[in-house]
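Let me begin by presenting the structure, written as structure tokens, before commenting on it.
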Amino acid sequence: MEKNEGLYPQVPGNQVPQQQYPTAPMPAPTVMSTPASFGPNSATLTCPYCHKGITTLVRAESSSKTHLFAVLLCFVSCCCIPYFMDSCKNKNHYCPSCNAFLGAYTN
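Under the UniProt record's numbering, the first residue of the sequence shown carries the number 1, and numbering increases by one thereafter.
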């Protein structure tokens, strides 16, 4: 091996070789169009998980408010009434395509 040969290419003068990095195009930012707050009815939007245009699937599910009303009604009469009333339940919004939870509406 000669004296001037090494691991780095020789550049005439005192210049230091600059390493070249491949450049890739920057990905476009993703715009998520989910409503700031959901209502009691279905909403039309783009799912932030599967990126499809959907109308949300709404399920009424019992919450702590439902259980509290049931306990209070236990002292008066029938405690199971809040479990049959959608107005005492949360309305949870799901994507019908990928079943992801998107948000909830609470009364």
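Quick reminder that beta carbons are idealized off the backbone N, C-alpha and C, glycines included.
#### Entry: Exposure label - valine 58; buried when at least 16 CB within 10 Å
Per the 10 Å Cβ criterion, buried.
### Query
Could you check where the alpha helix (DSSP H) with phenylalanine 65 kicks off and where it finishes?
Going by the sequence as given, residue 65 is lysine instead of phenylalanine. Element bounds for lysine 65: 64-74.
### Task
Could you have a look at tyrosine 83 and say whether DSSP puts it in helix, strand or coil?
In the structure shown, tyrosine 83 sits in a helix (DSSP, three-state: H, G or I).
### Task
Could you tell me how far apart the beta carbons of serine 62 and tyrosine 94 are, in whole angstroms, since I believe they sit closer than 8 Å?
Not really, about 16 Å apart at Cβ, beyond 8 Å.
#### Entry: Residue burial classification, leucine 68 (beta-carbon count within 10 angstroms, cutoff 16)
Counting of Cβ neighbours within 10 angstroms places leucine 68 among the exposed residues, the total staying below 16.
### Message
Taking its Cβ as the centre, do 16 or more other Cβ atoms sit within 10 Å of threonine 106, making it buried, or is it exposed?
### Response
Under this definition threonine 106 is an exposed residue.
#### Entry: Spatial neighbours of serine 87 in its chain, beta-carbon cut-off 7 Å, leaving aside the 5 residues before and after
Closer than 7 Å at Cβ, skipping near neighbours: Asn107.
### Task
For glycine 103, collect the residues of the same chain with a Cβ closer than 6 Å to its Cβ; drop the 5 residues on either side in sequence, then sort them by chain order.
Only residues of its own chain outside the window of five on either side were considered, and among them Phe38, His93 have a CB closer than 6 Å to the CB of glycine 103, listed in chain order.
### Task
Can you check DSSP and say which residues form a bridge with residue 111?
Here the chain covers residues 1 to 107 and nothing more, so residue 111 does not appear.
### Query
For glycine 53, which beta-bridge partners are listed by DSSP?
Partner(s): Thr46.
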